[in-house]
Amino acid sequence: MTSTKHSADALDNSISAQHKQMLVQAIHRWRYLLDGARRELHAQDWHAAVDAYQEAHSQAELLIHIADCKNCAIKNYVRTLLEYGYSLCQTNQSDALLRLLDIARQTLDCYATATLSQQLLKPLFSLLDANNQQRDLWINQLFVEDALQQRAVH
């Protein structure tokens, strides 16, 4: 019996280590994809940005499902959605943004209440109603806040 318990514990430890390694790799991949998408966004290569954000979104969605910290994964997922949504608006793809919102709602509803999901997605709905100048101001404010926050951390 002790041998069986020892084997089960070893297997659990191995699975846990593999999960952690997979999670770390997925986070690094998401960060890499998001950084690439942001480079395209800042270069105003909107179609390339949309393609890059699509990949970053897929990775962020995977992270929601596998991450131990759901709050962190949801935060990163929503932020990826916001930037992706902005890029879709820049290419006049409001239909694609509506489909993305539907997918996001379904994903978030697995881990959050419907009310919280709606609240998290509210800025994306605002993107649809905003004009280009409002969107530009909004996305620039997000990046300025990021820079200030990063400076405060260091």
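With the numbering used here, letter number 78 in the sequence shown gets 71, and the count goes up by one each step, no holes.
Think of the CB as a built atom: it goes at the ideal place given N, C-alpha and C, for glycine as much as any other residue.
Taking 8 Å as the cut-off, the Cβ atoms of Leu90 and Tyr70 do not count as close.
Excluding the 5 residues flanking it on each side, Gln86 has same chain C-beta neighbours closer than 8 Å at Val43, in chain order.
Below 8 Å, enough C-beta pairs join the segment 50 to 67 and the segment 14 to 23 to call them touching: three or more. Selection Lys68, Ser119 and Ala140 evaluated against Leu109 yields Lys68 as nearest (Cα-Cα). Assignment of Ala123 by DSSP, reduced to helix, strand and coil, places it in the coil class.
With a threshold of 16 other beta carbon atoms within 10 Å, Glu138 falls short and is exposed. Where Gln99 is concerned, the enclosing alpha helix (DSSP H) starts and stops at Ser87 to Asp102.
For the pair Leu121 and Tyr79, the CB atoms are not nearer than the 8 Å cut-off.
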